[in-house]
Structure formats: C-alpha cells, structure tokens
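In the working numbering, the protein residues as written are 787 to 1085.
Ideal placement from N, C-alpha and C gives every residue a C-beta, glycine not left out.
Predicted, not measured: the structure shown is a model, and the values here were computed from it.
Report on the following structure.
Here it is, written out as structure tokens:
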C-alpha cells in the first residue's frame, strides 16, 4: 500500500513539474526570470530606464470613441498622436492628453492595425491580414484617405490570418521601417527602401530579419513598436505579457516597463495594450482597447 502511495505521489510530482515546465516555456518565464536576475545584479548603463517610468495619466477613456483602438504614433510636427481603428476604419488624431482632434475615414485599407509617422504629413498604415504597407499623405484639408491612391508594398511573409503585421516603428536616420509580426511566429522585420523617398523612380526594397534578436524577445506576442531616435533603441509592446521591452542597437533586452497592477504606479492592470508612442521629451503614451489612454513619465 505504501509503495502504491509513493508511486502515485511521484507521478503527481512529475505531472506538476511537466505542467510548470510547459507553462514556463509558453509564458517565457525562464528567460524573463534570468533577465530580471541579470539586470538586478548589473543594471544596463545605456538603458532608457523603463523601470523608472511612472504613470501620470491612467485609463482615461477617449470620449467619442467606442471602436477598437489599435496602434499609436507621435507626430513631432503637429505635436499630437495618431491611431487607427479597424472595426470602423478611421485614422484618428489625438491630443497629448487623449482627446480626439480629428477623424479621417479610411477606404480600401482592409484591416488597418498600425500607423507610423515617417515624415511631415506622411504616414504608413498596415493592413494586417494582407500584410500590406500603405503610405498616405495627410494635409489639413484631407477629408478621407483611399488606399487605391497610395503607395503600397505587399510582403506576404508567413501569412497567418489576423496574426499578421501588428506594429510599426520608423528610424528616420537609418531609413528603416520596423514591422512587427504579432506571433506564430513572432518576428520583427526591418524594411529598407519603403517608404520611397522619390516616388515615380525605380527603387529596391530589402527586408532584413534579425533572428538572434527575435529569439531574445521573452514576451508572448508583439502589439506595437516604438523607435527611440535619441538612443537608437527599440521598444516592443506585448499585450499578453503586459510588458514593454527595451532593446539596444544589437537587439539585447535592457529594461522593462510592467503594465500590471502595482507596478509603475498603476492602480489597475492595463487590460489590452495595443499601441505605444514616445515624444521628443521621452514621455511614453499608450492606448488599450477599446478606448483607454495612458501617459508614463520618468520622475
């Protein structure tokens, strides 16, 4: 009888360890734990210091917006933010405190999931399902945007339904457009040559993937990206991991900003983070579905 009980106990322990191991692998807990231990022991000197950021505006509803909000980008010329909605396709301009300033209907964009400022009056919008990158121009008198009139690039890399292009970031100095594939598999592509600086002239597009960097991403998915021009570092937002991850120029993780209750001054966990942006002063703006707005600043 005792031997039978011991066998049951050993089998129970084995099953528990198996479940814990599978959960640790699925949620990238081992990599994240090792990173936390390493940064605690030896903090990165050149880091932006995401862990020092504190929320100063939390979960403010964006009045007048009930649709699914997705992505965020900062326009340094207008000193405002832009986002897109995909349930009712629109490009929406927001103030820095989350008020709607302007709404521009989108036609022919399929499933718009991300938007990125790439130059004065110029933005790139993604069509997630068809993996299209669509460059548009927005003037003060623009009433609507039609994809048929815009410069487009279709990549079609690992098509996977609504697990396609989820985030964008632009390096204006290096002329690189970072494109995040949400998951299955999770990747960050670097697109060179799009958007094209001289429309109408021949040009070549080059797509680069840093597999070593992508393996270092200890998050479950990618919701949005932000390139910090000052440091050259890339910020990756993960909804499922409730985390913002800072990557240096070599793709190495440096610091994190947690989106869970009790961290960064948050009173409640960010429910479904979909977009991140950073202004010239380093202030971080974040949106969460369906219509919540956040601001984070360093002390």
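Contact set for residue i: own chain, Cβ-Cβ below 6 Å, skip 5 residues either direction
i	result
residue 879	866, 868, 887 and 888
residue 1035	1018
residue 884	846, 848 and 1079
residue 1085	none
residue 813	Only weak support is given to the placement of residue 813: the predicted model assigns it a pLDDT of 48, under 50, and the question is left unresolved by the model.
Secondary structure of residue i, DSSP reduced to three states
i	result
residue 959	coil
residue 1081	strand
residue 935	helix
residue 1000	helix
residue 918	strand
residue 897	coil
residue 969	coil
residue 1023	strand
residue 836	helix
residue 891	strand
residue 905	strand
residue 846	strand
Cβ-Cβ distance between residue i and residue j below 8 Å
i	j	result
residue 900	residue 934	no
residue 983	residue 962	no
residue 923	residue 908	yes
residue 1061	residue 1008	no
residue 1040	residue 1059	no
DSSP bridge partner residues for residue i (one or two, in chain order)
i	result
residue 868	859 and 879
residue 1042	1031
residue 1058	For residue 1058, which the question treats as bridged, DSSP gives no partner whatsoever.
residue 930	DSSP output for residue 930 lists no bridge partner at all.
residue 912	900 and 919
residue 851	In the DSSP output, where bridge partners are listed per residue, residue 851 has none listed.
Cβ-based neighbour list, residue i, same chain, cut-off 8 Å, excluding 5 preceding and 5 following
i	result
residue 995	973, 974, 975 and 976
residue 903	859, 860, 861, 862, 868, 909 and 956
residue 843	883, 884, 1079, 1080 and 1081
Residues of its chain near residue i, where Cβ-Cβ distance is below 7 Å and the 5 sequence neighbours each way are ignored
i	result
residue 1014	834, 1021 and 1064
Residue i beta carbon near the ligand SAM (any heavy atom closer than 7 Å)
i	result
residue 980	For the structure depicted, the ligand SAM is absent and the ligand set is empty, with no information on it obtainable.
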